[in-house]
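Chains A and B, in that order, are what the protein sequence lines are. For the record, in the first sequence the residue sitting at position 99 is 79 according to this note's numbering, with numbers rising by one throughout. For the record, in the second sequence the residue sitting at position 23 is 31 according to this note's numbering, with numbers rising by one throughout. Think of the CB as a built atom: it goes at the ideal place given N, C-alpha and C, for glycine as much as any other residue. What follows is a set of notes on a single structure, which appears directly below.
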Amino acid sequence: DAMVIQNPRYQVTQFGKPVTLSCSQTLNHNVMYWYQQKSSQAPKLLFHYYDKDFNNEADTPDNFQSRRPNTSFCFLDIRSPGLGDAAMYLCATSRQGASTGELFFGEGSRLTVL
Amino acid sequence: SQQGEEDPQALSIQEGENATMNCSYKTSINNLQWYRQNSGRGLVHLILIRSNEREKHSGRLRVTLDTSKKSSSLLITASRAADTASYFCATGRSFGNEKLTFGTGTRLTIIP
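This is the structure we're talking about:
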């Protein structure tokens, strides 16, 4: 059974039209992550939550926002997608964080910007 | 910023041969993790080695860690066509810093 579920798997949007990607987990993990992965590149961390504490990466554009309304759900909002935001967006969870254990990834949401 | 570099960027071998991938990183770590990614899919955790460990095995996987050289290697023995994927190393830092930072990855192709 899938433990980290991302929706939608594929999202097509127009330049500048807001998009929300969702992630849910059945693992009851404390930490949730959002990564951006462009073609043939490594995943790049955008931000993560430790419980309700939000940790933004310094180089994450303001265009990217996130919400974690409860333990199980986390959302990635892209306020005004540009062509450069086309990528795979990966959600991951960890029980106590990467310093002590592994991450569990969803299957990703592939975003296309027209 | 990218924590690690992987070498080689791409590797093609015959089925049954062993595959070795190397990873170098820049800062002190609590652990180093290896992940596998099939094309268009999410990442799957393979193995975690802690900073006080030097070698770890899991099935056909063998991982080494040399903290003095800030490097790690992943060996896959008796490769199979199903091992075709991208492999990433990633570093976990100190407690309280819960980021996981990925290396550049190695694209492994197993030729049947």
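Counted within 10 angstroms of its Cβ, other Cβ atoms place residue i as buried (16 or more) or exposed
i: residue 16(B); result: exposed
i: residue 41(B); result: buried
i: residue 65(A); result: buried
i: residue 11(A); result: buried
i: residue 71(B); result: buried
i: residue 87(B); result: buried
i: residue 93(B); result: buried
i: residue 63(A); result: exposed
i: residue 58(A); result: buried
i: residue 28(A); result: buried
i: residue 9(A); result: buried
i: residue 23(A); result: buried
i: residue 98(B); result: buried
CB of residue i within 8 Å of CB of residue j, strictly
i: residue 25(A); j: residue 107(B); result: yes
i: residue 4(A); j: residue 52(A); result: yes
i: residue 55(A); j: residue 0(A); result: yes
i: residue 100(B); j: residue 39(B); result: yes
i: residue 83(B); j: residue 26(B); result: yes
i: residue 61(A); j: residue -5(A); result: yes
i: residue 114(B); j: residue 95(B); result: yes
i: residue 12(B); j: residue 32(B); result: yes
i: residue 93(A); j: residue 6(A); result: no
i: residue 51(B); j: residue 43(B); result: yes
i: residue 21(A); j: residue 89(A); result: no
Proximal chain B residues relative to residue i, where beta-carbon distance stays under 9 Å
i: residue 25(A); result: 107, 108, 109 and 110
i: residue 56(A); result: Within chain B, no residue comes near residue 56(A); the closest Cβ sits about 15 Å away, beyond 9 Å.
i: residue 1(A); result: Neighbours of residue 1(A) on chain B: none; closest Cβ ~13 Å, over 9 Å.
Beta-carbon neighbours of residue i, restricted to chain B and to distances below 7 Å
i: residue -10(A); result: In chain order: nothing, as chain B lies at least about 10 Å away.
i: residue 86(A); result: 50
Interface residues of chain A facing residue i [CB-CB closer than 9 Å]
i: residue 102(B); result: 79
Within chain B, the residues that residue i reaches when beta carbons sit closer than 8 Å
i: residue 67(A); result: In chain order: nothing, as chain B lies at least about 12 Å away.
Under 7 Å from the C-beta of residue i: neighbouring residues of chain A
i: residue 38(B); result: 79
i: residue 113(B); result: 22
Listed by chain order, chain E residues near residue i by CB distance under 8 Å
i: residue 28(A); result: In the structure shown, chain E cannot be found, because the protein chains are A and B.
Length at least 3, wholly inside the segment 32 to 89 of chain B: the beta strand (DSSP E) runs in chain order: 39 to 45, 51 to 58, 63 to 66, 69 to 74 and 79 to 84
In chain order, which beta strand (DSSP E) runs of at least 3 residues are fully inside the segment -3 to 50 of chain A? Taking only runs of at least 3 residues, the beta strand (DSSP E) segments lying wholly in the segment -3 to 50 of chain A are -1 to 5, 11 to 17, 24 to 30, 33 to 36 and 44 to 47.
Below 8 Å, how does it come out for the segment -18 to -3 of chain A and the segment 59 to 75 of chain A: are there three or more Cβ pairs, yes or no? Judged by Cβ distances under 8 Å, the segment -18 to -3 of chain A makes contact with the segment 59 to 75 of chain A, as three or more pairs qualify.
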